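Chains A, B, C and D, in that order, give the protein sequences.
This note's numbering puts the first residue of the first sequence at 1, with every later residue one more than the last.
This note's numbering puts the first residue of the second sequence at 1, with every later residue one more than the last.
This note's numbering puts the first residue of the third sequence at 1, with every later residue one more than the last.
This note's numbering puts the first residue of the fourth sequence at 1, with every later residue one more than the last.
The beta carbon of each residue, even a glycine, is placed where N, CA and C say it ideally should be.
A quick note: this is a predicted structure, and the numbers were derived from the prediction, not measured.
To start, the structure itself, in structure tokens.
There are 4 protein chains.
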Amino acid sequence: MAKSSFEYVKKFELDDTLLPNTWIVVRLDGKCFHKFADDHNFKKPNDLRALKLMNYAAFSVMRDFSDLLMGFGQSDEYSFVFKKDCNLYKRRAAKLLTTITSKFSTSYTYYWNKFLGDQQLLYPPSFDGRIVLYPNEDTLIDYMKWRQADVHINNLYNTTFWTLVQEGKLSPTQASFNCYVITLNKGHSFNFYILFQAEKRLCGTVSADKNEILFKEFNINYNNELEIFKRGTLLFRKNINIDESNKCSTVIVDVHDDMLKDSFWKDHKDLFTIKSKQHFIYNGPMTEIISAQLHGRKSVIPETT
Amino acid sequence: MAKSSFEYVKKFELDDTLLPNTWIVVRLDGKCFHKFADDHNFKKPNDLRALKLMNYAAFSVMRDFSDLLMGFGQSDEYSFVFKKDCNLYKRRAAKLLTTITSKFSTSYTYYWNKFLGDQQLLYPPSFDGRIVLYPNEDTLIDYMKWRQADVHINNLYNTTFWTLVQEGKLSPTQASFNCYVITLNKGHSFNFYILFQAEKRLCGTVSADKNEILFKEFNINYNNELEIFKRGTLLFRKNINIDESNKCSTVIVDVHDDMLKDSFWKDHKDLFTIKSKQHFIYNGPMTEIISAQLHGRKSVIPETT
Amino acid sequence: MAKSSFEYVKKFELDDTLLPNTWIVVRLDGKCFHKFADDHNFKKPNDLRALKLMNYAAFSVMRDFSDLLMGFGQSDEYSFVFKKDCNLYKRRAAKLLTTITSKFSTSYTYYWNKFLGDQQLLYPPSFDGRIVLYPNEDTLIDYMKWRQADVHINNLYNTTFWTLVQEGKLSPTQASFNCYVITLNKGHSFNFYILFQAEKRLCGTVSADKNEILFKEFNINYNNELEIFKRGTLLFRKNINIDESNKCSTVIVDVHDDMLKDSFWKDHKDLFTIKSKQHFIYNGPMTEIISAQLHGRKSVIPETT
Amino acid sequence: MAKSSFEYVKKFELDDTLLPNTWIVVRLDGKCFHKFADDHNFKKPNDLRALKLMNYAAFSVMRDFSDLLMGFGQSDEYSFVFKKDCNLYKRRAAKLLTTITSKFSTSYTYYWNKFLGDQQLLYPPSFDGRIVLYPNEDTLIDYMKWRQADVHINNLYNTTFWTLVQEGKLSPTQASFNCYVITLNKGHSFNFYILFQAEKRLCGTVSADKNEILFKEFNINYNNELEIFKRGTLLFRKNINIDESNKCSTVIVDVHDDMLKDSFWKDHKDLFTIKSKQHFIYNGPMTEIISAQLHGRKSVIPETT
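As structure tokens, then:
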């Protein structure tokens, strides 16, 4: 096609190729999701429907990009890990970063009704993304542990906080901690006392203490909380038996394994080394995500990439 | 909140601050939109509904980011220009790039029904994005001219091509040029002849010739084509009189001005220089986008950023 | 030539092309030059021979790179400014940065004896370098002003300090200010008093005060100090008459103009705009650097680039 | 010290921190060294004095930077490898790159007379540098092998070429291969024949063939060539017994080991893993470089870093 004399401005687009042979991680975060969660009446401290939507949007991304090795999500964030030898888009950073961000964002919007059908989506949400390189397995594994430790720390904190608040008869719409401290200064003395206690107890207390507070005072056993709340969700490819004939199919599975344990990484060592087919066998429960793949081959949702 | 011992992995996130005092341009492109357009029965060579959806999604972005000076779109691409002195997110490249990409992508999905209500959205679309710096007004203006010249070149080509095809009685599902050359090899001699002529005429012919082909052989006057098809859409802020009392309101307007003319840039010189309020007065037609802003102050769509 | 199977490691070399159409500045700084100056008995607060060596090394760089528009130096630092449209080494950052750094460093070493013949060079010195982009004339001019303002501030401070010290009979080997405050705590009461006064007077006092201290107490008129000390040295190309026939030759001149005055930039506006030959006429004194060029055409020092 | 209002221009200096936990390699190359070698009468195909000067300059760098693990040089190039966990200058790329480049360049100039005393240095030489990251041991080792394979390929080619040339009685000033082909076209039939043979034989021939040419026709056994010519020089730290009392001292040694053999890397595995002291014992010959360190503790050349 004809070229214009303005074409020279293309030269201002600079190369952003990423260092080869390193793990590429893309992490997305919901933008202003405190407000978004309030606007859409998400349950506190955890809304199972919203988490399932996050997971499904991530699954929609994983399905499109076969170079993605793992996805890990919690709350309003999701991390995606590309294979070390990934050469998609010649490893151009902006291209990798934006296609993941865009696909996740539109999937979150597109599948909203599937998970939050009762609640109208009031406006388009948005996510920001960043791209980080990890040069070796050790640092990548520590990255995964970092995000999962974060789920644990945040969830224990939030569960304790919201239990204290809710048992203290504070209305669930009195949402964030900061708001409380400010707004409650105006005379809600009992609530304020509860909150003050909550804050005092939470700041600097270690996990064991928080477990104890929950257990002793509110009769809540943190260990009984849902795995998805305590550990987030890990997505990766495993093989699954699809019928009696022992035929196998590779599917993306959504699990809540404990990645802080070194045994997890020992069991999944081949995740990093085997280039061809991973031979992990999945024996877990049939989830919505797995089921969508087994029955979904004729679905309208194409595997596009 | 407590920190884990894995926190050190944050150090692998490197700084990506953009050079100060330069124009930041983010350009988005639809991913696999040839297929997407076919899957969703977009009209060829231009689908007005689809273009309006693009514009509305871009408007949704502009509304959120007051640091955006202009947006310009055509076909499945959109460019956004940040003010030279923009300091949003401390000019971190990934942050700017992904929030724009994400908001545009979700808006495109969210507002789909508003413009293509008859056509079900079959799967989440996606867009890729890139970020480019222009160090001065001249190069930025040439960038804008480059994109608008591209609309012209592409549209003239496509209009000629599709006219030749459609007048030649080729079925509308025989979509892309490449497909034709392949599929028509199997006996569609008349169609093939038409296409061959089309190709021969189009390759290397200059705009004047194409205008002539359209006019002489198909009785189509290219000048009568819609401005939105020939010039794309420019979004920027102007003042508008909202009632008889001469009260003014600043709104994002969608226009199809000719940016290839230097007079446009003379008339809009203040766009680059005046920091406070631009005093451009809008006298054009009331569009859907402008109307949404004048009546939309109580709308459910908040100006969030 | 034959390629080895290890060639793939070249792919780890990433592109570092600089944004086009911006001013490229390379600034060099002497590494550990406090110690280097002491080791080589540089005079305090300014050693004219050492400054001349810096200038000659910079001249050696300017001569090699015709894309260099200006050089500006003071103390142990030198800045080099490339033309905005410079395309040397395709604007690869590391290549531009290191060739300038290397040539300056070796020239400093090579020409040592020419300027400090009495003082043996005891070990190879070294310089670090950085590369910075300025997108427009205003920011570039402010950069030049910043460096020249720095000469003034530092020199006024140092002259005042060393005058106080030297008039106070402190030995010249009691070198740096910090050392004094620490080492003199042990009983040198008179010196300590002088220093304490010096410190008290210098910290936070403005230039006018310092001028006054110098003038009133030590009978030194700062205005009589050498221009090279007060303003640093600017290198750029000018035309010079070389004989009676009015024949002109372009030479690199070393001047000490006041770049803080806007009149300087008005007079030299063409420096930025004229691509071909600059028509500045040089009327200043014949310096060592200019003379080296007029007679040096048969010299052993080739113009290599 | 007082700040000027121009200080804001510092914001244009962007962060260039390198990815943590990766091997940083700085590689220097002589600029226009074909001409430099001719100007300074370097012997062809290898000048032992010039190679020793390169090694000594590299040694001067290694001595200054304890974070350097290895240096490897050949012809007019030298590579320096920083420890994986190096945090010098906070891993800022330009700082690391330029200080290495500068120190090497000045050392080359400073020590010229020590190795090429008979030949005056006619002008300051220069070197360019680049910085490359290798994310793991395998790619770093392949980098080292790549450079050493390059020595072998180049040297075998050059030795064969120059032998053919010199035995063919071509004058030593008829220097480069390209020059020959052009200049000899004018009637030097015998020489041309020799050269034609040389070219025909060398292009595309493998190493074994070249060995054979050398051996059969010119009675030269390539295996008898000096190790420094065939393998280049590796610098790294080893322990050495300095007297009968078995006292050890760590010195930088210059060796010509075969790094293409995996056994080398097995023997030196600890080079990568042991953080504290490497316990390699050196048993090789006493070289100029080693000797300079054992006797040089009172030398004028300080270990400055």
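### Task
Would you check whether the ligand HEM has a heavy atom nearer than 7 Å to the C-beta of residue 284 (chain C)?
Among the components of this structure there are no ligands whatsoever, and the ligand HEM is therefore not found.
### Query
Out of curiosity, what's the CA-to-CA distance linking residue 72 (chain C) and residue 235 (chain C)?
Rounded to whole angstroms, residue 72 (chain C) to residue 235 (chain C) spans 6 Å at the Cα level.
### Limits of the unbroken alpha helix (DSSP H) element including residue 63 (chain D)
Element bounds for residue 63 (chain D): 48 to 64.
#### Entry: Residue from C:32, C:36, C:99 and C:21 with nearest C-alpha to residue 134 (chain C)
Of the candidates C:32, C:36, C:99 and C:21, C:21 places its Cα closest to the Cα of residue 134 (chain C).
### Message
Would residue 139 (chain C) pass as an interface residue toward chain D - the criterion being a Cβ-Cβ separation below 8 Å?
### Response
Answer yes: the Cβ-Cβ gap between residue 139 (chain C) and chain D drops below 8 Å somewhere.
### Message
Looking at the secondary structure, which residues open and close the alpha helix (DSSP H) in which residue 113 (chain B) lies?
### Response
Per DSSP, residue 113 (chain B) belongs to the alpha helix (DSSP H) from 112 to 116.
### Query
What do you reckon, are the CB atoms on residue 252 (chain C) and residue 70 (chain C) nearer than 8 Å?
Not in contact: residue 252 (chain C) and residue 70 (chain C) (Cβ atoms no closer than 8 Å).
### Message
How far does the beta strand (DSSP E) with residue 254 (chain C) in it extend, from its first residue to its last?
### Response
Boundaries of the beta strand (DSSP E) harbouring residue 254 (chain C): 248 to 255, taken from the DSSP string.
### Query
What residues match up with residue 309 (chain C) in a beta bridge as DSSP calls it?
Residue 309 (chain C) is absent from the model: chain C starts at 1 and stops at 305.
### Task
Consult DSSP for residue 144 (chain B) and reduce its assignment to one of helix, strand or coil.
Under the three-state reduction of DSSP, residue 144 (chain B) is assigned to helix.
### Message
For residue 158 (chain C), which residues in the same chain have their Cβ closer than 7 Å to its Cβ, ignoring the five residues on either side in sequence?
### Response
Counting only Cβ-Cβ distances below 7 Å, and skipping sequence neighbours, we find 45.
### Message
Less than 8 Å between CB atoms is the rule here; does residue 123 (chain B) satisfy it with respect to chain D?
### Response
For residue 123 (chain B), the answer is no, since every Cβ of chain D falls outside 8 Å of its Cβ.
### Query
Terminal residues of the continuous beta strand (DSSP E) containing residue 290 (chain C)?
Element bounds for residue 290 (chain C): not the beta strand (DSSP E) but the alpha helix (DSSP H), 288 to 295.
### Query
Ordered along the chain, which non-local residues of its own chain (more than five positions away) have a Cβ less than 7 Å from that of residue 33 (chain B)?
Cβ contact annotation for residue 33 (chain B) (same chain, cutoff 7 Å, sequence separation greater than five): 76, in chain order.
### Query
Comparing alpha-carbon positions, which option in B:93, B:92, B:67 and B:95 lies nearest residue 83 (chain B)?
Nearest in C-alpha terms to residue 83 (chain B), of all of B:93, B:92, B:67 and B:95, is B:67.
### Query
So, does the CB of residue 130 (chain B) fall closer than 8 Å to a CB anywhere in chain A?
Among the CB atoms of chain A, one or more fall inside 8 Å of the CB of residue 130 (chain B).
### Query
What residues from the segment 83 to 106 of chain B come within 7 Å of chain A, judged by C-beta to C-beta, listed N to C?
Cβ contacts with chain A: 94, 95, 97, 98, 99, 101, 102, 103, 105 and 106.
### Task
Kindly indicate which residue of B:268, B:114, B:125 and B:24 has the alpha-carbon position closest to the one of residue 292 (chain B).
Among B:268, B:114, B:125 and B:24, the Cα nearest to that of residue 292 (chain B) is on B:114.
### Beta-ladder partner(s) of residue 134 (chain B), from DSSP
Secondary-structure assignment with DSSP links residue 134 (chain B) through a beta bridge to B:23.
### Query
Which residues in the same chain as residue 55 (chain A) place their Cβ atom closer than 8 Å to its Cβ, once the five residues preceding and following it in sequence are excluded?
Setting aside the 5 residues that flank it on each side, residue 55 (chain A) is surrounded in the same chain by 73, 233, 235, 254 and 289, each with a C-beta closer than 8 Å to its C-beta; the list follows chain order.
### Query
DSSP state of residue 127 (chain B), grouped into three classes?
Strand, per DSSP.
### Task
Give the secondary structure of residue 242 (chain A) by DSSP, where H, G and I count as helix, E and B as strand, and everything else as coil.
If DSSP states are grouped into helix, strand and coil, residue 242 (chain A) belongs with coil.
### Message
With H, G and I counted as helix, E and B as strand and the rest as coil, what does DSSP make of residue 271 (chain A)?
### Response
Residue 271 (chain A) sits in a helix when the DSSP states are folded into three classes.
### Query
Nearest chain C C-beta to residue 24 (chain D) closer than 8 Å, yes or no?
Not an interface residue.
### Task
Compare the C-alpha of residue 38 (chain D) against each of D:87, D:125, D:59 and D:52 and name the closest.
The shortest C-alpha separation from residue 38 (chain D) is found at D:125.
### Task
Check distances from the C-beta atoms of the segment 58 to 74 of chain D to those of chain C and list, in chain order, the residues that come in under 7 Å.
Residues of the segment 58 to 74 of chain D that bring their beta carbon within less than 7 Å of a beta carbon in chain C comprise 60, in sequence order.
### Query
For residue 82 (chain D), which three-state DSSP category applies?
It is a strand residue.
### Query
Can you list, in chain order, the residues of the segment 239 to 265 of chain D whose Cβ is nearer than 8 Å to any Cβ on chain A?
Against chain A - using a Cβ distance shorter than 8 Å - the segment 239 to 265 of chain D contributes no residues.
### Message
To the nearest angstrom, how far is the alpha carbon of residue 272 (chain A) from that of residue 9 (chain D)?
### Response
Cα-Cα distance, rounded: 46 Å.
### Query
Whose Cβ in chain B lies nearer than 8 Å to the Cβ of residue 134 (chain A)?
Per Cβ cutoff of 8 Å: 9 and 12.
### Task
Report the three-state DSSP secondary structure of residue 178 (chain C) (helix, strand or coil).
Only weak support is given to the placement of residue 178 (chain C): the predicted model assigns it a pLDDT of 33, under 50, and the value that follows is read from those uncertain coordinates. Helix, per DSSP.
### Message
So for residue 298 (chain A), helix, strand or coil by DSSP?
### Response
Note that residue 298 (chain A) has pLDDT 39, beneath the 50 cutoff, so the model's placement of it is unreliable and the number below is only indicative. Residue 298 (chain A): helix per DSSP, three-state reduction.
### Task
For residue 15 (chain C), decide whether its Cβ has a neighbour in chain A, counting only Cβ atoms nearer than 8 Å.
Contacts with chain A at 8 Å (Cβ-Cβ) include residue 15 (chain C).
### Task
Whole angstroms is fine: what's the gap from residue 28 (chain B)'s alpha carbon to residue 223 (chain C)'s?
Taking the straight line joining both Cα atoms gives about 59 Å.
### Message
I want to verify the contact list: residues of chain B whose CB lies under 9 Å from the CB of residue 271 (chain C), in sequence order.
### Response
In chain order: nothing, as chain B lies at least about 17 Å away.
### Task
Could you spell out where the alpha helix (DSSP H) holding residue 227 (chain D) opens and where it closes?
In the DSSP annotation of this structure, the continuous segment of the alpha helix (DSSP H) that includes residue 227 (chain D) starts and ends at 227 to 231.
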